[in-house]
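Undergrad: Residue numbers for the sequence shown follow this note's numbering, beginning at -8 and rising by one. Just so you know, even glycine gets a beta-carbon here, dropped at the ideal spot from N, CA and C. Nothing here was measured: the structure is a model prediction, and the numbers come from that model.
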Amino acid sequence: MTETFLGNEAVVSPDEIVDRRKPPICPHCLVQMWLTEFTRKETDHGSREIREYECKQCGFAASSEVRGPLGAGH
Ligand SMILES: [Zn+2]
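1) Tell me, please, which residues DSSP counts as bridged to Lys13.
2) Could you compute how far the alpha carbon of Asn54 sits from the alpha carbon of Arg31?
3) Enumerate, from N- to C-terminal direction, the unbroken beta strand (DSSP E) stretches of 3 or more residues contained entirely within the segment 24 to 52.
4) Quick one: residues in its chain with C-beta nearer than 7 Å to the C-beta of Cys49, no 5 flanking neighbours on either side, listed in chain order?
5) Can you find a heavy atom of ligand 1 that lies under 7 Å from the Cβ of Gln23?
6) Give me the residue from Arg39, Glu33, Pro14 and Thr34 with the minimum Cα distance to Trp25.
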């Protein structure tokens, strides 16, 4: 027995744009955006990771910032 799931992709909600791991989805084209820049900063309050994304189709830009917990990764 074989089952196929063509066209059965889950709809992505706008909330998932701020997902910290995978690239966000362009709200206009609903395609995965490209990571264009990644910056990591170490501060007294922990680390910060700033990611810049861009949609290759419409040029929509987005960025996400993730703050790591203080003292993590020691
Ligand atoms: Zn787009």
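TA: On the basis of the supplied data:
1) Answer is none; Lys13 lacks a bridge partner.
2) What sits at residue 54 in the sequence shown is Ser, not Asn. Whole-angstrom Cα-Cα distance: 13 Å.
3) If only complete runs of 3 or more residues are kept, the segment 24 to 52 shows the beta strand (DSSP E) at 25 to 34 and 37 to 45, in order along the chain.
4) By the criterion of a C-beta distance shorter than 7 Å, Cys49 is surrounded in its chain by Cys17, His19 and Cys20, once the five residues flanking it on both sides are discounted.
5) Checking the Cβ of Gln23 against ligand 1 gives no.
6) Considering only alpha carbons, the answer is Pro14.
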